[in-house]
Amino acid sequence: MNWEALWLTVQLATIVSVALVAIGIPIAYWLTYSGWRWKFLVEAAVALPIILPPTVLGFYVLVALGANSPLGRWWERLTGHTLAFTFEGLVIGSLLYSLPFAVQPFAAAFGAVDRKLLRASASLGHSPSATFRRVVLPLSKAGLITGFTLSFAHTLGEFGVVLMVGGNIPGVTRTISIEIYDQVQAANYASANETALVLLIISFVLLSMVYGLNRRGAVVGAWK
Amino acid sequence: MEVSSTRAAGGAVSPGLEVRIRKHFLNSERSFQLDVHFRAAAGFTILFGASGAGKTTLLDCIAGLTEPDEGKITLGGEDVYDSGRQRNVPPWKRCVGYVLQELALFPHLTAEENVAYGLRHLAADERRARSRKMLEAFRIGHLADRRPSEISGGERQRVALARALVTEPQALLLDEPLVALDRPTRSLIIEDLRRWNQRSRLPILFVTHSVEEVFALGEEVIVLDAGTIVAQGQPKDVMHAPRLETVAHLSGFENVFDATVMAVHEDRGTMSCRIGTGDVELETPLIRAEAGSHLRVGIRAGDVLLATESPRGLSARNILPGTIEKLAQRGVMVAAMVDCGGTCLEAHLTLAAREALALTEGKKVWVVIKTHSCHLLRE
Chain A
416 MNWEALWLTV QLATIVSVAL VAIGIPIAYW LTYSGWRWKF LVEAAVALPI ILPPTVLGFY
476 VLVALGANSP LGRWWERLTG HTLAFTFEGL VIGSLLYSLP FAVQPFAAAF GAVDRKLLRA
536 SASLGHSPSA TFRRVVLPLS KAGLITGFTL SFAHTLGEFG VVLMVGGNIP GVTRTISIEI
596 YDQVQAANYA SANETALVLL IISFVLLSMV YGLNRRGAVV GAWK
Chain B
35 MEVSSTRAAG GAVSPGLEVR IRKHFLNSER SFQLDVHFRA AAGFTILFGA SGAGKTTLLD
95 CIAGLTEPDE GKITLGGEDV YDSGRQRNVP PWKRCVGYVL QELALFPHLT AEENVAYGLR
155 HLAADERRAR SRKMLEAFRI GHLADRRPSE ISGGERQRVA LARALVTEPQ ALLLDEPLVA
215 LDRPTRSLII EDLRRWNQRS RLPILFVTHS VEEVFALGEE VIVLDAGTIV AQGQPKDVMH
275 APRLETVAHL SGFENVFDAT VMAVHEDRGT MSCRIGTGDV ELETPLIRAE AGSHLRVGIR
335 AGDVLLATES PRGLSARNIL PGTIEKLAQR GVMVAAMVDC GGTCLEAHLT LAAREALALT
395 EGKKVWVVIK THSCHLLRE
């Protein structure tokens, strides 16, 4: 069991899922309440990582982070090294990769809050932002926890994007799924099985939490 | 866009509400133009009309939840909406209490927290004291710690009223607040509302399509049909002697007939009217109409008497022979359709009356209608 790889993966997943709560809430808010006619394009873009091959996503992230892109150059001037094949690069790639797993449950939960409550709140002296904090967020608790857990679990198991963006540097970008791949390549099946089993169990426990949460009282509405 | 805070000025004298707006709106069938102008003084003003007449749209405009196309809304001396000056105070800065038809209590908050919700600007102690007092005033102090899902429909209704009133609004909008409640609960809440209104006089717009509520609460009634005000006045004038057919249908005239004035008896204060094209003639009260003119007659089914023998020595002027075509039981009441020479009249009787008279379909009866039970309607 490669504890270094597991620890690295848990760190990555934690940073990404916490950041996605902060990024995902405003995006989901906008997707829920905006009346913009081209909103569906944004919805499609957010959902893209669900169906896009991780290699495609990884390739474009790599290009965007590279020394030839504005972002890559800016980062290099700031820190003295490129983003590609670093932990920071991995975080950026994973944020994009797991974005829909946070945004979609958030948006579904916000959308399931009865509009009548928003109208009542407005007539009781609350601005839209106060209403969001005091009514929408508390009623979306289950959706928020679901989005956080799913993006955590999804980041935990990512492979293609990591390989494209991060490569395979022990302690920096070698995550648990890359580790399994390495072990299989080395015909080290017993060790691969051990690591794979850990990932399987963690993923199952996390998903059970999500479904358990949505089964009990705090239901957020139909799953999208 | 100009914005001001009326909420901070709460508690000042409220010189009432004036609304003069136009707004296109869609109901389930077609698009309407809401076009109204009225003033509501302190006390109950009933908005009466069929569903889709624009009542809820009107309340939404006053609360600021919907923007009118044009016009002006003045609340407590301030223009909260004025299309001429591009002024539209957002709903959370208008001092309006609005109880939505579906109540919309916050499910994640207790009854007390729901009531305290609109008092965010106050200190916690003050907020708690005021919400407690308001819950007591509506006789639900013992439910303070319960969630909306844990209390009855009538109790939820009281929480919604308390939540709107605790903010000391300059006007209160109630959208069919009693529609889902049973009769005893309804009259208790009407009592609560009346008591509240006597203490703190503010304009209350009360939407309903229940005639009973109009009489229980109304000081003034506004009848809305397809977006326009078709009648306005005291309930007894507007509801009891309806001159407009929309009011007639809404206020429970089961029988509405086309009629032709046959003769005018100025000396007796009555007229003879022929119903439809048949040969039934009714004596009706006198109105300003000439022989030969066409109008409509509305008769409540509850005002129609049935007799199994030709009645004699009655003061009622209209006695028509007929045959019972159909008897239908509706709850504890029986609706009888009587064919009087081609004109079908509906009469409502009690179950006991049906038994006592041994009424069956096909039985010959006499229909008795007082002159003043025939209400003349203008189309």
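As given, the protein sequences belong to chains A and B, one line each in that order.
So the mapping is simple: the working numbering equals the position in the first sequence, first residue as 1, plus 415.
So the mapping is simple: the working numbering equals the position in the second sequence, first residue as 1, plus 34.
Backbone N, C-alpha and C define an ideal beta-carbon position, used for all residues, glycine too.
So residue i and residue j are supposed to be a Cβ contact under 8 Å. How far apart are they, rounded?
i: Thr318(B); j: Val331(B); result: 6 Å
i: Leu354(B); j: Cys374(B); result: 4 Å
i: Leu320(B); j: Met296(B); result: So it is not a contact: roughly 13 Å between Cβ atoms.
i: Glu184(B); j: Ile174(B); result: Rounded, the Cβ-Cβ distance is 12 Å, inconsistent with contact.
i: Ala390(B); j: Leu340(B); result: About 11 Å; that fails the 8 Å criterion.
i: Ile256(B); j: Ile80(B); result: 7 Å
i: Lys454(A); j: Leu446(A); result: 7 Å
i: Leu385(B); j: Val368(B); result: 6 Å
i: Phe574(A); j: Pro441(A); result: That belief does not hold up - the Cβ atoms of Phe574(A) and Pro441(A) are roughly 29 Å apart, past 8 Å.
i: Ser509(A); j: Leu427(A); result: 6 Å
i: Leu51(B); j: Pro269(B); result: In fact, because the Cβ distance is near 19 Å, the residues do not count as touching under 8 Å.
i: Ser407(B); j: Arg334(B); result: 7 Å
i: Leu476(A); j: Ile507(A); result: The question names Leu, yet the displayed sequence has Val at residue 476(A). The pair is a contact, with the Cβ atoms about 7 Å apart (cut-off 8 Å).
Could you work out which residues of chain B lie near residue i, taking near to mean beta carbons separated by less than 9 Å?
i: Arg534(A); result: Asp94, Ala97, Leu99, Pro125, Tyr132, Leu134 and Ala138
i: Leu554(A); result: Phe140, Pro141 and His142
i: Asp529(A); result: Glu136, Ala138 and Pro141
Name the chain A residues whose beta carbon is nearer than 7 Å to that of residue i?
i: Thr201(B); result: Leu539 and Gly540
i: Gly152(B); result: Leu539 and Gly540
Using DSSP bridges, identify the partner residues of residue i.
i: Tyr115(B); result: Ile107(B) and Asn122(B)
i: Gln363(B); result: Val368(B)
i: Leu206(B); result: Gly131(B) and Ile238(B)
i: Ala341(B); result: Trp400(B)
i: Cys408(B); result: None; Cys408(B) has no bridge partner.
i: Leu379(B); result: Val372(B)
i: Ser356(B); result: Checking the displayed sequence, the identity of residue 356(B) turns out to be Gly instead of Ser. The partner list for Gly356(B) (beta bridge, DSSP) reads Val399(B).
i: Val331(B); result: Phe291(B) and Leu410(B)
i: Thr384(B); result: Met367(B)
Can you pull the chain B neighbours of residue i, defined as C-beta to C-beta under 7 Å?
i: Ser550(A); result: For clarity, residue 550(A) is Val in the given sequence; the question names Ser instead. Within 7 Å Cβ-Cβ: Phe140.
Using a cut-off of 9 Å between C-beta atoms, extract the partners of residue i located in chain A.
i: Arg197(B); result: Ala535 and Leu539
Exercise. Is the stretch 196-210 of chain B close to the stretch 165-179 of chain B, with three or more CB pairs under 8 Å?
Worked result: yes
Problem set entry | Every unbroken alpha helix (DSSP H) inside the stretch 43-106 of chain B [4 residues or more] | 89-97
Exercise. How about the stretch 624-631 of chain A and the stretch 581-593 of chain A: do they share at least three Cβ pairs that are nearer than 8 Å?
Worked result: no
For this session: Decide if the stretch 121-131 of chain B is in contact with the stretch 508-525 of chain A; the criterion is three or more beta carbon pairs, one per stretch, under 8 Å apart.
Result: no
Problem set entry | the stretch 220-227 of chain B / the stretch 250-270 of chain B touching (three or more Cβ pairs under 8 Å) | yes
For this session: Decide if the stretch 139-152 of chain B is in contact with the stretch 533-544 of chain A; the criterion is three or more beta carbon pairs, one per stretch, under 8 Å apart.
Result: yes
For this session: Could you tell me whether the stretch 527-538 of chain A touches the stretch 592-603 of chain A, using the rule of 3 or more Cβ pairs below 8 Å?
Result: no
Exercise. Within the chosen definition, does the stretch 506-522 of chain A reach the stretch 545-561 of chain A through at least 3 CB pairs nearer than 8 Å?
Worked result: Touching, yes.
Exercise. Considering only residues of the stretch 166-215 of chain B, which uninterrupted alpha helix (DSSP H) runs meet the minimum length of 4 residues and lie entirely inside it, listed in chain order?
Worked result: 187-199
Problem set entry | Unbroken stretches of the alpha helix (DSSP H), 4 residues or longer, contained in the stretch 278-328 of chain B | 279-284
For this session: Write down every uninterrupted run of the beta strand (DSSP E) in the stretch 606-631 of chain A whose length is 3 residues or greater and which is fully enclosed by it, in chain order.
Result: If we require 3 residues or more, the stretch 606-631 of chain A turns out to have no beta strand (DSSP E) run fully inside it.
Problem set entry | Secondary structure, alpha helix (DSSP H): runs of 4+ residues fully inside the stretch 523-578 of chain A | Whole alpha helix (DSSP H) segments, 4+ residues: 530-538, 543-546 and 556-571.
Problem set entry | Unbroken stretches of the beta strand (DSSP E), 3 residues or longer, contained in the stretch 219-270 of chain B | 237-242, 254-259 and 262-267
Problem set entry | Meets three-Cβ-pair contact criterion under 8 Å: the stretch 65-81 of chain B and the stretch 605-622 of chain A | no
Exercise. For the stretch 359-366 of chain B against the stretch 342-351 of chain B, are there 3 or more C-beta pairs whose distance is under 8 Å?
Worked result: no
Exercise. Contact between the stretch 52-61 of chain B and the stretch 619-626 of chain A: three or more CB pairs below 8 Å?
Worked result: no
Exercise. Does the count of Cβ pairs from the stretch 133-150 of chain B and the stretch 563-573 of chain A closer than 8 Å reach three?
Worked result: no
Exercise. Are at least three pairs of beta-carbons, each pair with one atom in the stretch 227-247 of chain B and one in the stretch 210-219 of chain B, less than 8 Å apart?
Worked result: Taking 8 Å as the limit for Cβ pairs, the verdict is that the stretch 210-219 of chain B does touch the stretch 227-247 of chain B.
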